[in-house]
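J.:
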Amino acid sequence: MAHPSPARDDTQSLEQTNLIHFSFLNHKTELNRVLRGYCARDQLVDDVNDFWLFVNKYEALLKRTGQPILPDPSTEGKRLDCPSGTIPSEYRKSLGCCVSLRVPVEELLARLGGTTGAVTRTKLLQLLQIVTHYLDFRQREKFNKLRKLRQAQANLPVAKHREEIVEAVRNERVVVLAGDTGCGKSTQVPQYLYRAGYEGIACTQPRRIACISLSKRVAHELLAEYRTEVGYQIRFERSKNTNTKILFITEGLLLRQLASEDNLQQYSVIILDEVHERHLHGDFLLGIAKCLIRARPDLKLVLMSATINIKLFADYFSEEEARIIEVPGRLFPIKLHYMPQLQDVPMVSGGAGGSKRTQSDRLSPEPYIQILQLIDQKYPPTEKGDVLIFLSGLNEITAIVDAAREYNEKNKNWIILPLHSTLSIAEQDKVFDYAPDGMRKCIVSTNIAETSVTIDGIRFVVDSGKVKEMSYDPTTKMQRLKEFWISKASAEQRKGRAGRTGPGICYRLYAEKQFYDFDAYSTAEILKVPLESLLLQMISMGLPNARLFPFVEPPPMDNVENAIVNLKEAEALTEDEKLTPLGKALAKIPVDIGIGKMLLMGCVFQQLQPVLTLAAALSVQSPFTNRAYRDPECERARKSLESDHGDPITLLNAYKEWLEIKQHRTDYGRRDDGDRRSESSKVWCRRRGLEEQRFYEITKLRNQFQDLLQDCGLMETQNNDHLSSAERAIRNGELRQLKELRKAHRMEAPRKRKLLKSDPWGLGEDGEEEADDGRVDIRDVEFRLSHDASKLQHLVSGATACSYRDLMTLKLILVSGLYPQVAIADEFNYCKSLSEQFFHTRAKPYVSLHPMSFFGNNAQILQLTDSEIEEKPPTYKSRQPLSSRHQIVCYLTLLETNKSYLTNTLRMPAAQTLLLFAHTIETNASCSRIVCDAWLCLDFPAPESGQALLLKATKLRRLWNRLLAEKLKALTITADGELTKAERNVSIDQMNRELWSSLAQYMNTEVCYTMKKLLPADLKTLYKGPSLEEDEEDEERMELPDPNPFAEDFQPLRNETKGGVYLTENITYGCVVETDWSIQMQDLILEQDWECAHCRGTYRLTGLQKLQHTVLCKPADDEEEKVAPPTASDASISSKKLNATRYDCSNCGQQLMLSAIEVLKHKKGCSKRVKQEPSDDPKEEKCS
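With UniProt numbering, letter number 167 in the sequence shown gets 167, and the count goes up by one each step, no holes.
(1) Please give the ranges of any alpha helix (DSSP H) in the segment 886-926, keeping only runs that are unbroken, at least 4 residues long and fully inside the region.
(2) Within 10 angstroms of its Cβ, does P851 collect 16 or more other Cβ (buried), or is it exposed?
(3) Output the boundary residues of the beta strand (DSSP E) element that contains L177.
(4) How far does the alpha helix (DSSP H) with W485 in it extend, from its first residue to its last?
(5) Please report the Cβ distance between residue 1206 and L394, rounded to the nearest whole angstrom; I am assuming they are in contact, meaning their Cβ atoms lie under 8 Å.
(6) Helix, strand or coil for W1090, going by three-state DSSP, please let me know.
(7) Select from N566, N559, I526 the residue whose C-alpha is nearest the C-alpha of F551.
(8) Just to confirm, is the Cβ distance from A823 to L949 under 8 Å?
(9) Is A159 helix, strand or coil when you go by DSSP?
(10) What is the rounded straight-line gap between the Cα of P381 and the Cα of K412?
(11) For the beta strand (DSSP E) containing I234, name the first residue and the last one.
(12) Applying the 10 Å Cβ sphere with the 16-neighbour rule, what's the burial state of A617?
(13) Can you list the beta strand (DSSP E) stretches of 3 or more residues lying completely in the segment 1050-1090, in chain order?
(14) Identify the residues that DSSP records as bridge partners of K466: which are they?
(15) Given A196, which residues of its chain have a CB within under 6 Å of its CB, disregarding the five upstream and five downstream residues?
(16) What are the boundary residues of the alpha helix (DSSP H) that Q377 is part of?
(17) Which term fits D772, buried or exposed, when burial requires 16 or more other beta carbons within 10 angstroms of its beta carbon?
(18) Along the beta strand (DSSP E) that carries S445, what are the first and last residues, could you check?
(19) By how many angstroms is the C-alpha of T187 removed from the C-alpha of K148?
(20) Kindly list the residues whose CB is nearer than 6 Å to the CB of R688, restricted to its own chain and excluding five residues on each side of it in sequence; keep chain order.
(21) In chain order, what residues of the same chain have a beta carbon less than 7 Å from the beta carbon of F917, not counting five sequence neighbours either side?
(22) Excluding the five sequence neighbours on either side, which residues of its own chain have a C-beta within less than 7 Å of the C-beta of A799, listed in chain order?
(23) Would you please state the rounded distance, in angstroms, between the beta carbons of L756 and D433? I believe it to be under 8 Å.
(24) Say whether the segment 298-308 touches the segment 471-479, bearing in mind that this needs 3 or more beta-carbon pairs closer than 8 Å, one atom from each stretch.
(25) Closest to I212 by C-alpha separation, out of R238, A801, L222, would be which residue?
(26) In its own chain, which residues sit with a C-beta less than 7 Å from the C-beta of P1043, not counting the 5 before and 5 after it?
(27) Could you spell out where the beta strand (DSSP E) holding E326 opens and where it closes?
(28) Enumerate in chain order the residues of its own chain whose CB-to-CB distance from E769 is below 6 Å, with the five nearest sequence positions on each side excluded.
(29) On the premise that P157 lies in contact with G184, defined as a C-beta separation below 8 Å, what is that separation, rounded to the nearest angstrom?
(30) Mapping DSSP to helix, strand and coil, what is T242?
(31) Measure from the alpha carbon of P554 to the alpha carbon of each residue in A520, L531, N1004, then state which is nearest.
(32) Which word fits T454, buried or exposed, when buried means at least 16 other C-beta atoms lie within 10 angstroms of its C-beta?
(33) Whose CA, out of S445, I589, F854, lies closest to the CA of D644?
(34) Alpha helix (DSSP H) containing H664: first to last residue?
(35) Apart from the five residues just before and just after L19, which ones in its own chain have a Cβ nearer than 8 Å to its Cβ?
(36) Is it the case that the Cβ atoms of G504 and K384 are separated by a distance below 8 Å?
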């Protein structure tokens, strides 16, 4: 007992660890402290859970092989003395280990907390040996993966052409590389050029997802996943720095760089990938690249394309002597079966991809079900292989999915999965998961699976031969989604999906003869989309004439001319096709012209924050999935989000509530207690049928818009250094935690394929358990990294329209961007059901409200109630209802599928909105009939009510334009400008207050009128036409008003086409023919005495004369210069004037024919004179 320590040490040194009686797994808790340490730097292993799985299998292996006793660490750790080049006589596992650990044992013992318990020093050393084996195992696993990776790279078809590609790029300016799907060109060519010494390689991709996935793959193959040699840049984010050598970038962003940087000097090689897809930006980029290589002879251009239409690109770069390299694809053999359907036989290809299917045709599910039956009979379930069915659209997919699920009820050996863009991302990801043993997947997809998505395991392809493509009609400004036959190139692309991972079979549901009638290639996007944004970008880049641009395939000249006319109407171009200040600002904002105008108007009217949110929301795909309108629970849950003002405001409400959920949820995706306020945003979206990814996109795009406006000088840079020291400390701690979570996520393996569950009717789609499974949501982490509490509150306030004025302001700003995209209700809507409601646009009659919109389900809000309809005056005969509550519908898009639909609709007061925004306004003499944009006629039966409303609208419009012009001076103001920045802001603030005090009253004006859509027959008899100057007896010839009461700074001009007089740039007065009731109203106005509020004089004047009198009239006690009244002879000369009326002067006693201005002048001259006798001399017949 005197010397216990040495004895105890001897016992420990001889101690054995027998795995039959002892397991490290029973001491996880204390050993985890050893493995994890105090911080990330102290960790012995990266993944503790994975290590314990290894320990479990390691212990089981030793027990199974009869070696349960672990070796003594003291002898295991000693070095063996053996001569060089000889093998030791005794085998030890450690000799084959490539990893060694040098960790102080005392430090590890300290992590145990001083109480070793069952875990002695010996056992701790034995645990370290197991850690060494684990790290060695993982290291060997990584080297095996690397060996397989290099072998896979060497086996790619493109690898055989490596030297040829590098040599061609070195010696030629343009290289066209044509290779089929799977040849490896997208991942390998940038690496070949990088290893050949090229730096600054830009590789464009048409899709954002491809940029991210390719950059990750190339970085992985270059062993640079945690370095920055390979990066990407897309619309919402970027991952690059000055050290980046290979950059994957979207086509649109490279064009933006071209606009701001001369000749792209930072790049030595530009690779344009997937050029055969013929996207709008891709075609434009080809034209720019053709010009760029002339300006930069050192620049190398590589075009990468599928082996279709190579000749088109080769001919395009024939002057540059482009080198063509063809790489074969790597497809397994595919058997081809043509199975024509009866109803498809008469269809003939033609036009843009083929002829349309008639409305009477219905898709029959029978051929598709027969193919599933054939596969069941011919191929046993043990043979793996899934089915991919290509259909044209959502309705067709729904029909086939329902029929296939019904067929599957008997055998239950299929998992039926739809795939289209309106599904949530989680639902789309299911197609990558694998089916249980004995079952197959049947994926029913649009052409999204043709190129954008690659699904492994597909053995059977069923090709309907149809596609729905979007085309654009520039005359009606309508997008058409119509069904066409696919091209031969698309048919081959679809067939190839069956041969990527093994031999496959393709069933084509059309005749072989039809295939040979197909167009060779798909129609280029530039022939199917509006060109306004593209032309604006071209002009802003300094291209002198868009008509002469070297497109691969030029768009129709009519489309170009229509786009130029639309840009002039939007005031982005001058008449000589130069950029206006508004156009320069719009060119810097990469969005549709209408959205860009909204952003600029938001700057003008100091409503920028909600406008930023709405502009971003309208620029991304709708967050509402088809489940939101199909599932009754979703409909009930999102009821509180709906706004009766329209879809944009509903979107704003949804985004605001999503942000508020983010505010109250601070645990980054982990499940909290049962408190309702702790519900995660993912679950919140799931319950309402919303796709959360869209809200993240809205936030990123909103920030991007904000940065663009700050760069333009239209918005002040915000200073966020307002946190207190305590708040800053909390934020720093939060940032550390978020960065740790982000790092942990990056170290994780990518999403693993899951085992699908049998769900015959798709009832268990994405339960809430999946929506909030307790894992870290990396999108939420990234969101919180860039948004602290104050920024989040700023976003919430920016998604709020509290007062009526704020809401009306927001709606007016939206309409300023959307106009002339307005529609009026059909006059017979009141007697139709909600599903049969029709609306009319200027160019397209009888369109419907989209069923996935608020008004599509609540059309009664747009109808007049009985209490809102007023009784008509006896003289006014019209079928149209008289009311002050008429409404028009403003819309973002006119879309034609099986019907024509209005999408993203907003309701507005009709007359007030039209008079404020119409491009042309034409009136009769009394302004009781007002025609807006030559298609809507407003009748105002109450005397002078139409004139008063038009005058208010004109004043507000001119003030609005002045405000916009002042704000846009920020873009062009010079250092020695007329006003300093502070003075300009004061001026703008004054105009802003003046505008909105009047605008709120104007929009609330109660004035009764009727509204009617004019037919072509109405327009033939609507206008008076020009008066002939030589016809001196024409009493209807109108004098140019002086002064002009509508715009004092505008000189009135005659309208030589329609008659009447231009009172402003938009208003033509007196050109609309009179009707019986309007003539009676004019007579009634002239019969009534009118007393001037200033001079107290009583007159009988027309409406316009009253306005002119008001402009010139001053209060009676003002001292003015005396002006002699005209004589009777002078009056008789002007008796034929339209404005002249009889006037009895009470001072001088004369009876004169004077205009309103002359009455005023005469009265002022006579007011202080004693009545005189008229002289015999006509020259003296004046009141001196």
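We treat Cβ as the ideally placed atom computed from N, Cα and C, and that holds for glycine. All values reported here derive from a predicted model rather than from experimental measurement.
T.: Based on what the coordinates show:
(1) 910-917
(2) Position 851 of the sequence shown, counting from 1, holds the residue named residue 851. Exposed is the call here.
(3) Sequence index remark: in the sequence shown, residue 177 carries index 177 (1-based). Note, L177: beta strand (DSSP E), 174-179.
(4) Taking the first residue of the sequence shown as position 1, residue 485 is located at position 485. W485 -> not in any alpha helix (DSSP H); beta strand (DSSP E) instead, spanning 478-485.
(5) Residue numbering for the chain in the displayed model covers 1 to 1184; residue 1206 lies beyond these limits and cannot be assessed.
(6) Numbered from 1 along the sequence shown, position 1090 holds the residue referred to as residue 1090. Strand at W1090.
(7) For the purposes of this step, residue 551 is taken as residue 551 along the sequence shown, with counting starting at 1. Nearest C-alpha to F551: I526.
(8) Taking the sequence shown and counting its residues from 1, one reaches residue 823 at position 823. Taking the sequence shown and counting its residues from 1, one reaches residue 949 at position 949. The answer is no: Cβ separation not under 8 Å.
(9) For the purposes of this step, residue 159 is taken as the residue at position 159 of the sequence shown. Residue state, collapsed to three classes: helix.
(10) To locate residue 381, count along the sequence shown from 1; it is residue 381. To locate residue 412, count along the sequence shown from 1; it is residue 412. Roughly 12 Å separates the two Cα atoms.
(11) Walking along the sequence shown from the start, residue 234 turns up at place 234. Counting along the chain, I234 falls outside any beta strand (DSSP E), and DSSP gives it neither H nor E.
(12) The residue labelled residue 617 in the question sits at position 617 within the sequence shown. So A617 ends up on the buried side.
(13) 1067-1069
(14) In the sequence shown, residue 466 corresponds to position 466, counting from 1. For K466, which the question treats as bridged, DSSP gives the partners W485.
(15) Stepping through the sequence shown from its first residue, residue 196 is reached at position 196. Answer for A196: V166, listed in chain order.
(16) Residue numbering aside, residue 377 sits at position 377 when the sequence shown is read from its first letter. Where Q377 is concerned, the enclosing alpha helix (DSSP H) stretches over 366-378.
(17) Along the sequence shown, one-based indexing puts residue 772 at 772. Since pLDDT at D772 reaches only 46, below the 50 mark, its modelled position is unreliable, and no value is offered.
(18) Your numbering for residue 445 matches position 445 in the sequence shown. Start and end: 440-445.
(19) Start at 1 with the first residue of the sequence shown, and residue 148 comes out as number 148. Start at 1 with the first residue of the sequence shown, and residue 187 comes out as number 187. For K148 and T187, the distance between alpha carbons rounds to 16 Å.
(20) By one-based count along the sequence shown, residue 688 stands at place 688. Taken in chain order, the residues that qualify are C634, A637, R638.
(21) Start at 1 with the first residue of the sequence shown, and residue 917 comes out as number 917. Closer than 7 Å at Cβ, skipping near neighbours: V815, S816, Y819.
(22) Along the sequence shown, one-based indexing puts residue 799 at 799. Answer for A799: P610, T613, L652, Y655, K656, L659, listed in chain order.
(23) Here residue 756 corresponds to residue number 756 of the sequence shown, with the count starting at 1. Here residue 433 corresponds to residue number 433 of the sequence shown, with the count starting at 1. Contact flag correct, Cβ pair sits at about 5 Å.
(24) no
(25) Counting from one through the sequence shown, the residue named residue 212 turns up at place 212. The shortest Cα separation from I212 among R238, A801, L222 belongs to R238.
(26) To locate residue 1043, count along the sequence shown from 1; it is residue 1043. Excluding positions up to five away in sequence, the list reads Q1108, V1111, L1112.
(27) Taking the sequence shown and counting its residues from 1, one reaches residue 326 at position 326. Its beta strand (DSSP E) spans residues 323-327.
(28) In the sequence shown, the residue the question calls residue 769 occupies position 769. Summary for E769: the model assigns pLDDT 42, below 50, so the residue's position carries little reliability, and this model does not support an answer.
(29) By 1-based counting over the sequence shown, the position of residue 184 is 184. By 1-based counting over the sequence shown, the position of residue 157 is 157. The Cβ separation is near 7 Å, so the contact holds.
(30) Working through the sequence shown from its first residue, we reach residue 242 at position 242. It is coil, neither helix nor strand.
(31) Here residue 554 corresponds to residue number 554 of the sequence shown, with the count starting at 1. Nearest option by C-alpha distance: L531.
(32) The count along the sequence shown starts at 1 and reaches residue 454 at position 454. Exposed is the call here.
(33) On the sequence shown, residue 644 is found 644 positions in, with the first residue counted as 1. Of the listed residues, the one whose Cα sits closest to D644 is F854.
(34) Taking the first residue of the sequence shown as position 1, residue 664 is located at position 664. Segment 647-664, the alpha helix (DSSP H) holding H664.
(35) Position 19 of the sequence shown, counted from the start, is the residue given in the question as residue 19. E59, L62, K63, P68, I69, L70.
(36) On the sequence shown, position 504 is the one that residue 504 refers to. On the sequence shown, position 384 is the one that residue 384 refers to. No, Cβ-Cβ distance for G504 and K384 is not below 8 Å.
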